[in-house]
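Novice: Taking our numbering, the leading residue of the sequence shown gets 42, the next gets one more, and so forth.
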Amino acid sequence: LMLACEEHKGKLAYFMAANSIKFRKTVVPGDQIVIEVVAGKVRSRTGSVHAKAFVDDKLVSEAELMFVLVE
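(1) Over what stretch of residues does the beta strand (DSSP E) that includes Ser85 continue unbroken?
(2) Out of curiosity, what's the CA-to-CA distance linking Gly51 and Leu110?
(3) Which value, in whole angstroms, describes the spacing of the CA atoms of Gln73 and Asp98?
(4) What's the gap between the Cα of Leu106 and the Cα of Gly71?
(5) Leaving out five residues on either side along the sequence, give the residues of the same chain with a beta carbon under 6 Å from the beta carbon of Asn60.
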């Protein structure tokens, strides 16, 4: 959604870092993972999101992901 904004048109988002990572349950081959992402802080070129991963509606992992926007 952030890249859809007019001010970020034509830019790419590159993964920069992952913080506060928590693995809560084991995920095995065949599990369907649903990832929910909520936008966090956004500055001129960097930003963060909080991501949660679910299997069968149970939280299996979460982290804060950082990214940088480049031309």
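For glycine and all other residues, C-beta sits at the position ideal for the given N, C-alpha and C.
Every value quoted in this text rests on a predicted model; they were computed, and no experiment measured them.
Specialist: On the basis of the supplied data:
(1) Careful: Ser85 lies outside any beta strand (DSSP E) and carries neither H nor E.
(2) So the two alpha carbons sit approximately 10 Å from each other.
(3) Gln73 and Asp98 have their C-alpha atoms roughly 10 Å apart.
(4) Near 25 Å, if we compare the C-alpha coordinates of Gly71 and Leu106.
(5) The beta carbon of Asn60 is closer than 6 Å to those of Glu105 in its chain, skipping five residues each way along the sequence.
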